[in-house]
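Numbering (this note's numbering), first residue to last: 764 to 947. Structure first, then comments.
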């Protein structure tokens, strides 16, 4: 069965580092052309200054993966949560699944995985370890799992227009919404 889903989002921010729009990336999620990626690439190509280009580069979607997990150290350890992990952590998870698949997905006593984080910012390191502990999965948990296909399908025409407008504003192709509302 599928235990993960590809994911990625664009976070379009202004020069003050304030989020102006968030939009899922079709390229990262489905491997299909993404209108936001296309708009960002056109805006970066048309940009005449390095600051704007760097700001637009930051809006590129990073690739990540979504998983249904039980956070055993949470207040409600038998309620599934969606966990988003980056490629390095996902690669370690895949290695663990390849080695321990039968016991990781065993409903009678699933092998516990621990993800640890050390450091901050660009120096953050994650590691995935298979614990000797096992955790039985209550049957009710399976009915509460999020449908990851539905979850990643977050696009709407309104959000798309907002994201494209935010890119144009950041690139200096349109006035910002705040300054446009001040002019009669």
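Note that the Cβ used here is the ideal one computed from N, Cα and C, for glycine as well. Being a predicted model, the structure only gives us computed values, none of them experimental.
The Cβ neighbour count for residue 786, taken over all protein chains shown within 10 Å, is at least 16; the residue is labelled buried.
Counting every other CB atom within 10 Å of its CB across the protein chains shown gives residue 857 a total below 16, marking it as exposed.
Of 884, 903 and 892, the smallest CA-CA separation from residue 875 is found for 892.
Closest option to residue 901, judged by alpha-carbon separation, among 885, 833 and 935: 833. For residue 817, the enclosing alpha helix (DSSP H) has its first and last residue at 813 to 820.
In the DSSP assignment, residue 881 forms a beta bridge with 888. Following the DSSP letters along the chain, one finds residue 831 inside the beta strand (DSSP E) bounded by residues 827 to 832.
Linking residue 887 to residue 820 through their CA atoms gives a straight-line distance of about 21 Å.
For residue 921, there is no enclosing beta strand (DSSP E); the residue is part of the alpha helix (DSSP H) that begins and ends at 920 to 933. In this structure, DSSP gives residue 855 a helical state, which the three-state scheme calls helix. Taking the C-beta atoms as reference points, residue 811 is found no nearer than 8 Å to residue 930. For residue 770, the CB contacts under 7 Å within the same chain, skipping 5 residues up- and downstream, are 791, 792, 827, 828, 829, 847 and 915 in chain order. The Cβ-Cβ distance between residue 841 and residue 909 does not fall below 8 Å. Between the alpha carbons of residue 934 and residue 926 lies a distance of about 12 Å.
Residue 808: member of the alpha helix (DSSP H) spanning 798 to 809, first to last residue.
In the structure shown, residue 823 falls within a coil segment according to DSSP collapsed to helix, strand and coil.
Closest option to residue 867, judged by alpha-carbon separation, among 898, 851 and 844: 898.
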